[in-house]
Structure formats: C-alpha cells, structure tokens
Amino acid sequence: MTAYLSRRLGLPRRQRDPLPGFGLGLGLTLFWLGTLVLLPLLALVSRPWQEGLHRGLLAFAHAAHDGRILSALWVSFGSAVLAALFDLVPGVLIAWALVRSDIPGRRIIDMLVELPFALPTAVVGITMATLYGPTGWFGAPLARLGVHIAYSRTGIVLALMFIGLPFIVRTVAPVLRNLPADVEEAAAILGASRAQVLLRIVLPALHPALVTAFGMAFARGIGEYGSVIFIAGNQPFHTEIAPLLVVIRLQEYDTTGATLIGFVLVAVSLLSLAGISLVRRRLSRGVG
Amino acid sequence: MSVYLDHITRHSPQGGRAIVDDVSLSVKDGSFTALVGPSGAGKTSLLRIIAGLDPHQRGQVSIDGRRVDTLGARERNIGFVFQHYALFAHMTVAANIGFGLAIRPRHSRPGRAAIRRRVEELLELMQLPAMGARYPHELSGGQRQRVALARALATGPRVLLLDEPFGALDPLVRRQIRGWLHNLHERLGLTTILVTHDRQEAAELADTVVIMNRGRVVQSGTPQELEDNPADPFVMDFSGETIRIAGLVTNGRFVPDMSDIIPVPVALSNGRAEILIRPADIRLLPHQGNAIAQFYQRRGLVASYKVTSASFDGMLVEMPADPGDVSASIITHCAIDISAGRFVRDNAWVIPGYGLVGPVISDEVQFLYS
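Protein chains in written order, with this note's numbering: chain A, 80 to 367; chain B, 31 to 400.
Take a look at the structure:
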C-alpha cells in the first residue's frame, strides 16, 4: 500500500542502504567520536568563557602579555616544526632502505622503527638526558667541543625527532612500496639518470606523503611532554614547553591559566593541521 | 633499425629457471613483429632484454648492427610503451611527453620553445589536441595509452617496443588504436616489436608473428604461414580454434574413440594418435550416423552447428552459410568427417603437412551447401 502510494505520488521509494548496517555504523562512529574527542575538546574550548565573555577576554588579554606563556608556546611550536623537518631526511632514507634494499636484518630494523611508539616517553627522556648530559656518552665529548644538547632547545628538538621519526617512516614506506616500478623504468628508458629519476619522479610522487608525515610528526611534537621535560631543563622563558606550563599552572590551582594555554594549543594545532591538509591536497592534484 | 638477438638466455633471479631460453631472432628494419604466446612464455622478458631493463646471462643483443649488451636502458634510445601506461602522475600530459627531451644534458637539450613545439606536434599526431594541460588521471584509458606512445616517440627512437599496450582497453577502443598504430608505424618508418597474447591482434597488426612458449621461439613467419603450416600442435592450438579428437590406429585406419566420427585412413603404425582440426575443416555427412546437428548461429558467411551424439556433446562445426538464409535448423542422422585434420602422436605432427587423405566432400554434404 505504501509502496503503491509513494509511486502514485511520485515519491522516491525508500531505498535500502547499500552497506548493511550503515545507519548503525554511522551512529556508533559519531557517538564515539563525540564522547572521546569532541566532548572533551568542547569542554576545554568553553572553559575560559564560563565566567562570562568579559572575564574570558580579559584573561586572554592578560595571557597575551604574559611573556612566560608566549615563550612556552613559541618553544613548543618552534621545536615541533624543526623536529618534524629534520625528521624528513632520515625518515625517507630509512623508509627507502626498508622498502627498496635487501639489507640484512631488515625485519629487525622494521621493528625498531616502531619502538618510539611503544616506549614510555619518560624512559626516552631520561635515557636521552643521560646520553647527552654533560657527563653522558655523547654529551661529554660534545661538551668539550662546546656543543650543549641536554638542557637546551637543541635537546628538545632531539627528543621530538626521536618521537616523530616513526610517523615519517610509517607514512612514507607504503607510498614508496606502491610506487609502480614501471614508472621509474619508463623514465630510465627516456634517458633519465638515477638522480633524475629520484628527483623528478620518485620525490614528487612522495610529496603528499611527506606533507602528511610532517603534519603527523609536528602534531605529535606539540603534544609531547614526557620525553621533553627530562632533557629540556625546563627553564622558564627558555626551555619550558607549553604542556609543562599547563601542568605547572594546574599545580598552582590556576585552572583558568591552564585551560587558556590548552585552548591556544588546540586552536593553533587545528589551524596548522588544516593548513597542512590544504597543502597536501594541492600537491596531490596530479595523483588524484 | 634492425634488431638482432643471438642465443639469448635469461634465468629467473630466484631458482635459476630459464625465462628466456636460447632465443635467436632477427627483426628486419621497418618491420612490425609480434611476439605471441601464453602467459609466462617469456615474451615480455625478451622485450625487456631488448630494452635493457632486464639483464641476460648468455647471448648478444644488437641494434642496427651494433652490440648493445653493455649499454644501459637510458643509452639505447628505444621507445617503450608499458602495459599500464606508466605515465608520470604528477606531471601534465605535455610534461610527460616532453620529459625525454627536458632531462637531456644542457648541451644537447632543445630549447623550451622547441620542446613545446615537439609536444604540440606529437599531441596532434596522437589526435589528442588541447590535452597538454591535463593530468593523466583525467584521461580515459585509450587517451593515456596514446600519451604513453607520444612520450615514447618524443625522443625520436627508431625502435618501438610495445608491451601488451592494448591489454587494459575495451574492445572498441582497442580496434581503433590498433588500426591507427599500424598507420603510425608505416608513416614514421619505425621498427616495431609488439608483445601480445592475442593471436588475432598479432595477425592483424604484424607482418611477422613470432610464437613463443616456455621461453623458446616455437615458430615465426607471416600470419598466413603460421595458419597454413603450424610447426607443431601447440602452434596450431594457439593460432586458432582447434578441436582434438583422440583415437586408435589399427591397420592403417584411425578409428576415433567417439562414435559417429568417420574413421580416417592413415599410413601410421598401430597405436594411439590424435587428430587436430579447425572447426571450419570439419564436414557434416548426413544419413551416415546417429549424431544430431543443431543450427547454433550465423556470422556473416559462416554458419555454425552444434553436433551432439551418444559419445560427444556440443562440438561446434562451421560451414559456409546458405546465402538465401535457408540453412537447415536441425540435421539428424549425420556423422562427422575429420579427414582434413592433422595427425598427432607424442605431441608432434606424424606427417608433416596434411594427413594422407585430403578433405572428402560427399554428395550429400554438397547438397547441404547448395
């Protein structure tokens, strides 16, 4: 009857979803995304305005003149960008070695790459602080040369590089593996040298993956806390990162100050990730 | 330019099985040669050896009388078209085509304007005008294949190698590109070697067909030569529809295992043998047996019948169709005459050329045709 009516009235008949359980799946996805990601973020974003818009703005104006917050943000974002950038070259080389060459122990290296994912970040921080500290294996000879890594911004970048490296390798390797061999052969037959194949064919094909990899390492670097605080020295205005300042503010019962920093971290991270995805889409235009 | 292969052997990197096994081949200047064979016959490997993409363990490759074994792929100036196009996805069509010119060292590189002109010229030749600014993923399969061809021709190679270039295209586009490729070959005076597993495609395009199987060249010749004189049962099987009928030879008579097939006289020692025959060479003899032939379909001047008897089912037999479209729809009590086939024993021709007795067409069959 209803089918007849809808046909009579020219209504589209209710079509069955092409995927079984699509509605249920979508509902569950949105529910988990909401409770796990959006709700906490929303709480964080709304917190500064809880005592009225005026008070919120005032707090922001206050924070904008707080040199300690500004420099902590600067240290966090600056180090994350540098670490992600410096990770690109070794990351691509390791991915290349894992995919293209048949070096002995390839599987073990493959496993080691993921270790930074699994290690407690505090362990990483303490280990690096010991190694690069003034009396450490690397730290002592470097200190004699006048290079200080531990308890400086260099140390922060180094720790973030360690944490970010697997993101680069794991993002680039599959793209490299799926790069059809005949494309490189075609270039060679057309007269391209090895270097030309690499620079004009392989690397451009990797560009979108490189941007994604950079974005992931960068995002991880902004949020990294455990490994950095052990090697950074945590001097305010110099080597204090924003996540640490959040903890410090909380310990001082300054919830507003802590959420304020959190708010800025979330906002800038979102903006940078959006920017990165924009760049990636522009780059992958040809690859479609 | 001629291509000359002298006893080429290539072993697989793992295991050492011979992928290409002692192949010698001479491709004349300006000829269109097709390498045909089933999957794994070594056709593509041979093509890759000529291009310098794969190494070979024994033998010599000469192009235009000059040994090229020690030259890498980039120094041979050969045009190569890959099965899956292998276009550079991040470059425009124009950049793809111009790539071979743009990467030359400074002293031999044409100017930007010259490259642009050459690209325009090739786009025109490939019937792809105004496609230069597009990206490969925006093109159809046939267009991509033509871009790949234009790219291969941009540096002006005299030898063009095509590795199953039509494999991924739909039949209509295939046929169009085929005809057009043949024109191109003649116009540019290229020496073309095409790899395909499609014997019809090979026969249509090439002046020389080389049939390969298990890494070896089984036979080469014009399509007509292969059709008239297949070197062995494999070639006959491969180069057209073939029916195999097994039987026993006793006292100079081949008696098929299946009933309703007329025995064939043959000068052969007693024992098992087979007859290989094309459907078009099988004759239907009415009033001689218990088989039933049912009209199946008509294609142009050929009508095919499905013949069924107690011992076989649905054997397809072709015969000239009645022009007045009065082909009988069913013929009962008929038998099958396979005397036009070739005898095979131990997978080789027993008698080179035809069997002892030529095709016998009885009066009754004549009546069928008229």
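Built from N, CA and C at the ideal position, the CB exists for glycine as well.
Residues of chain B with CB under 8 Å from residue i, in chain order?
i	result
A/ALA151	Ordered by position in chain B, no residue passes the 8 Å Cβ test against A/ALA151, which lies about 40 Å from the chain.
A/GLU331	Those do not exist, as A/GLU331 stays about 52 Å from chain B at its closest Cβ, beyond 8 Å.
Less than 9 Å between the C-beta atoms of residue i and residue j, yes or no?
i	j	result
A/LEU255	A/VAL178	yes
B/ASP258	B/SER341	no
B/VAL279	B/ALA303	yes
A/ALA163	A/PHE316	no
B/PHE112	B/PRO187	no
A/ALA208	A/ILE310	yes
B/SER339	B/ASP290	yes
B/ILE80	B/LEU218	no
A/PRO287	A/SER180	no
B/GLN90	B/TYR34	yes
A/ALA159	A/ILE327	no
B/ASP262	B/ALA163	no
B/ILE207	B/LEU199	yes
B/ALA116	A/ALA197	no
B/ILE307	B/THR272	yes
B/PRO350	B/SER334	no
Take residue i as the anchor and find which of the options has the nearest alpha-carbon.
i	options	result
A/THR291	A/SER351, A/ILE242, A/LEU149, A/ARG147	A/SER351
B/GLY406	B/GLY72, B/VAL98, B/GLY67	No answer is possible for residue 406 of chain B: the residues shown for chain B start at 31 and end at 400.
A/TYR230	A/PRO287, A/PHE217, A/ILE308, A/VAL171	A/ILE308
B/VAL423	B/PHE110, B/ALA124, B/TYR34	Absent from the structure is residue 423 of chain B, since the part of chain B shown begins at 31 and ends at 400.
B/GLY141	B/GLY128, B/LEU152, B/ASN281, B/GLU151	B/GLY128
B/ASN402	B/PHE373, B/GLY60, B/ILE368, B/SER299	Any property of residue 402 of chain B remains undetermined from this structure, which presents chain B solely from 31 to 400.
B/CYS364	B/ARG313, B/ARG372, B/GLN173, B/ARG328	B/ARG313
A/PHE342	A/LEU324, A/ALA288, A/THR214	A/LEU324
A/SER155	A/MET190, A/GLY212, A/PRO283, A/VAL345	A/VAL345
A/PHE241	A/THR114, A/ASP333, A/LEU194	A/LEU194
B/LEU202	B/LEU191, B/GLY172, B/THR362, B/ARG40	B/GLY172
B/GLY301	B/VAL189, B/ILE291, B/VAL285	B/VAL285
B/ALA323	B/SER269, B/HIS317, B/LYS336, B/LEU315	B/LYS336
A/VAL171	A/LEU285, A/ALA260, A/LEU109, A/ALA321	A/LEU285
B/PRO166	B/ALA160, B/VAL177, B/GLN157, B/MET156	B/VAL177
B/SER359	B/GLN327, B/LEU331, B/ILE207	B/GLN327
A/SER150	A/GLN330, A/PRO213, A/ASP333, A/PRO322	A/PRO322
B/MET156	B/GLY344, B/ARG104, B/ALA182	B/ALA182
B/ALA184	B/VAL294, B/ALA124, B/GLU168	B/ALA124
B/ILE292	B/ARG308, B/ASN320, B/ARG174	B/ASN320
B/PHE325	B/GLY282, B/MET345, B/ASP311, B/GLN318	B/MET345
A/ALA238	A/ILE320, A/ALA267, A/ARG328	A/ILE320
A/GLY312	A/LEU117, A/GLY100, A/GLY212	A/GLY212
A/GLY305	A/VAL203, A/GLY270, A/ASN257	A/VAL203
From the DSSP output, which residues share a beta bridge with residue i?
i	result
B/ASP367	B/ARG313
B/MET349	B/ALA333
B/ALA276	B/GLU304
B/HIS41	B/ALA48
B/ARG328	B/ALA333
B/GLY109	B/LEU190
B/PHE62	B/THR222
B/ASP237	In the DSSP output, where bridge partners are listed per residue, B/ASP237 has none listed.
B/PRO295	B/ARG283
B/ILE322	B/THR338
B/ILE360	B/GLN324
Name the chain B residues whose beta carbon is nearer than 9 Å to that of residue i?
i	result
A/SER272	ARG104, ILE133
A/ILE308	By Cβ distance, chain B contributes nothing, its closest Cβ being about 42 Å from A/ILE308, past 9 Å.
Determine the chain A residues that contact residue i at a beta-carbon separation under 7 Å, and present them in chain order.
i	result
B/ALA83	Looking at the sequence shown, residue 83 of chain B is not Ala but Leu. Chain A residues near B/LEU83: GLU264.
B/GLY130	LEU269, GLY270
B/PHE112	ASP261, ALA265
Just to make sure I have the definition right: I need the residues of chain A whose C-beta is within less than 8 Å of the C-beta of residue i. Which are they?
i	result
B/ALA116	PRO259, ASP261, VAL262, GLU264, ALA265
B/ILE108	ILE268
Kindly list, in the order they appear in chain B, the residues whose Cβ is closer than 7 Å to that of residue i.
i	result
A/PRO283	HIS120
A/GLN275	ILE133
If the cut is a Cβ gap below 9 Å, which residues of chain A does residue i touch?
i	result
B/THR185	LEU269, GLY270
Do we get a CB-CB distance below 9 Å when we pair residue i with the residues of chain E?
i	result
A/ILE280	Going by chain labels, chain E is absent from the structure shown, which instead holds the protein chains A and B.
The stretch 48-59 of chain B / the stretch 229-244 of chain A touching (three or more Cβ pairs under 8 Å): Fewer than three pairs of CB atoms, one per stretch, sit closer than 8 Å, so the stretch 48-59 of chain B makes no contact with the stretch 229-244 of chain A.
Contact between the stretch 56-72 of chain B and the stretch 353-365 of chain A (3+ Cβ pairs under 8 Å): no
Touching by the beta-carbon criterion (3+ pairs, under 8 Å), the stretch 263-283 of chain A and the stretch 124-136 of chain B: yes
Segment contact flag, the stretch 213-230 of chain A with the stretch 126-146 of chain A, C-beta cutoff 8 Å, min 3 pairs: no
Segment contact, 8 Å Cβ cut-off, at least three pairs: the stretch 201-215 of chain B with the stretch 231-242 of chain B: Between the stretch 201-215 of chain B and the stretch 231-242 of chain B, the count of C-beta pairs closer than 8 Å reaches three or more; the two stretches touch.
Three CB pairs or more closer than 8 Å across the stretch 71-86 of chain B and the stretch 240-249 of chain B: yes
Touch test, the stretch 117-132 of chain A against the stretch 329-340 of chain A, Cβ-Cβ under 8 Å, three pairs minimum: yes
Any 3 or more C-beta pairs closer than 8 Å across the stretch 101-110 of chain B and the stretch 145-159 of chain B: no
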